[in-house]
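Q: One structure coming up, written as structure tokens, with questions to follow.
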Amino acid sequence: MSVLDVPRRTTPARLMAAVQSAGLHWTVRAGLNEAGLLTTVVTRTGQGGTVTFRVPDPAPRGRQLVGMWIDRAPGTPSGPGASRTPAFLLLHTTPDVVRASAVLASGGRRYVRLSPAIEEFRIRFGAVPLPDEDPLTGVEIRSRLRGVQLIELWRPPRRPDRVG
């Protein structure tokens with residue numbers, strides 16, 4: 028029997044998080060696929076219909092405490108006077124992370140509710156919609172083992188203003 032002949036353990040997708048904002052509803056489901064790999068699917072439902080995203084494996088690696096996926100360009104207004112679809116942040120954290128917040132450009136914070144630690148995946152899930160007018164600049168977490176950490180998002184350097 029080769030490695031390829033060994034049956035893989037799959038798990039049905041389970042609801043890990045659900046959030047709402049601006050008339051939209053997001054759900055996050057996760058399970059193990061036929062290869063035994065974590066598969067995370069985000070579904071956004073609103074007046075314009077339903078959109079589903081398969082999230083690339085953002086699970087934390089090595090000594091990382093957080094893996095994140097951001098729906099940065101989630102949509103455009105569907106009609107005159109309609110607002111843009113809010114951005115969306117999905118977190119996968121190690122089980123020792125007990126609190127997380129999205130840090131916004133204004134200095135404000137959005138609390139990210141974390142799921143209980145899912146034993147079979149060895150991670151927690153968290154999700155939060157983000158305001159379009161106040162971009163995400165980082166994520167602050169509290170770990171039982173490593174204390175409070177701020178994970179800043181990389182931003183390209185600003186161009187100097189042109190003269191003349």
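The numbering of the sequence shown is my numbering, which starts it at 28 and goes up by one.
In this text, a Cβ means the ideal position worked out from N, Cα and C, and glycines have one as well.
Nothing here was measured: the structure is a model prediction, and the numbers come from that model.
Between which two residues does the beta strand (DSSP E) holding THR66 run?
A: For the purposes of this step, residue 66 is identified with residue 39 of the sequence shown, where counting begins at 1. Per DSSP, THR66 belongs to the beta strand (DSSP E) from 65-73.
Q: So GLU115 and PRO87 are supposed to be a Cβ contact under 8 Å. How far apart are they, rounded?
A: Against the sequence shown, residue 115 aligns to sequence position 88. Against the sequence shown, residue 87 aligns to sequence position 60. Sequence inspection shows Phe at residue 115; the Glu mentioned does not correspond to that position. Contact flag wrong, Cβ pair sits at about 19 Å.
Q: When you compare each of ARG171, GLU147, GLU160, THR72 to GLY63 by their alpha carbons, which one comes out closest?
A: Residue numbering aside, residue 63 sits at position 36 when the sequence shown is read from its first letter. That would be GLU147, whose Cα lies nearest to the Cα of GLY63.
Q: Buried or exposed: which applies to TRP181, given that a residue is buried once 16 or more other Cβ atoms fall within 10 Å of its Cβ?
A: Here residue 181 refers to the residue found at position 154 when the sequence shown is read from its first residue. It counts as exposed.
Q: Using 8 Å for Cβ pairs, my map puts ALA129 next to TRP53. What's the rounded Cβ distance?
A: Looking up residue 129 in the sequence shown gives position 102. Looking up residue 53 in the sequence shown gives position 26. 14 Å between Cβ atoms; not a contact.
Q: Output the distance between the C-alpha atoms of THR72 and PHE80, rounded to the nearest integer angstrom.
A: Translated into positions along the sequence shown, residue 72 becomes position 45. Translated into positions along the sequence shown, residue 80 becomes position 53. Each residue's Cα considered, the two are about 12 Å apart.
Q: Does PHE148 come out as helix, strand or coil in the three-state DSSP assignment?
A: For this step, residue 148 is matched to residue 121 along the sequence shown. Coil at PHE148, not helix or strand.
Q: With a Cβ-Cβ cutoff of 9 Å, do ALA127 and ILE168 count as a contact?
A: Your numbering for residue 127 matches position 100 in the sequence shown. Your numbering for residue 168 matches position 141 in the sequence shown. Against a cut-off of 9 Å, the Cβ pair of ILE168 and ALA127 comes out as a contact.
Q: My assumption, with CB atoms under 8 Å, is that LEU117 sits in contact with MET95. Please give the rounded CB distance.
A: Your numbering for residue 117 matches position 90 in the sequence shown. Your numbering for residue 95 matches position 68 in the sequence shown. Indeed they touch by this definition, with Cβ atoms about 7 Å apart.
Q: Give me the Cα-Cα distance between ARG151 and ALA144, rounded to the nearest whole angstrom.
A: Along the sequence shown, read from residue 1 onward, the residue named residue 151 stands at position 124. Along the sequence shown, read from residue 1 onward, the residue named residue 144 stands at position 117. Between ARG151 and ALA144, the C-alpha separation is close to 5 Å.
Q: For THR121, name the three-state secondary structure that DSSP assigns.
A: Numbered from its first residue, the sequence shown carries residue 121 at position 94. Of the three classes helix, strand and coil, the one that applies to THR121 here is coil, per DSSP.
Q: Among residues of its own chain, excluding the 5 on either side of ARG136, which ones have a beta-carbon nearer than 8 Å to its beta-carbon?
A: The sequence position of residue 136 within the sequence shown is 109, counting from 1. Same-chain partners within the cutoff: SER128, ALA129, VAL130, GLU167.
Q: Contact check, THR77 vs GLY58 under 8 Å by CB: the rounded distance?
A: As a working mapping, residue 77 is identified with position 50 in the sequence shown. As a working mapping, residue 58 is identified with position 31 in the sequence shown. At roughly 19 Å, the Cβ-Cβ gap does not stay under 8 Å, so THR77 and GLY58 are not in contact.
Q: Taking Cβ to Cβ, would you say VAL124 is nearer than 9 Å to VAL93?
A: Position 97 of the sequence shown, counted from the start, is the residue given in the question as residue 124. Position 66 of the sequence shown, counted from the start, is the residue given in the question as residue 93. In contact: VAL124 and VAL93 (Cβ atoms closer than 9 Å).
Q: Helix or strand or just coil, what does DSSP make of PHE170?
A: Within the sequence shown, numbered from 1, the residue matching residue 170 stands at position 143. For the sequence presented, residue 170 should be read as Ser rather than Phe. DSSP places SER170 in strand when its eight states are reduced to three.
Q: Which first and last residues belong to the beta strand (DSSP E) in which TRP53 is found?
A: Counting from one through the sequence shown, the residue named residue 53 turns up at place 26. Here the beta strand (DSSP E) through TRP53 covers 51-59.
Q: Within its chain, find whatever has a CB closer than 7 Å to the CB of ASP84; leave out the 5 residues flanking it on each side and keep chain order.
A: Residue numbering aside, residue 84 sits at position 57 when the sequence shown is read from its first letter. Cβ within range, chain order: LEU64, LEU65.
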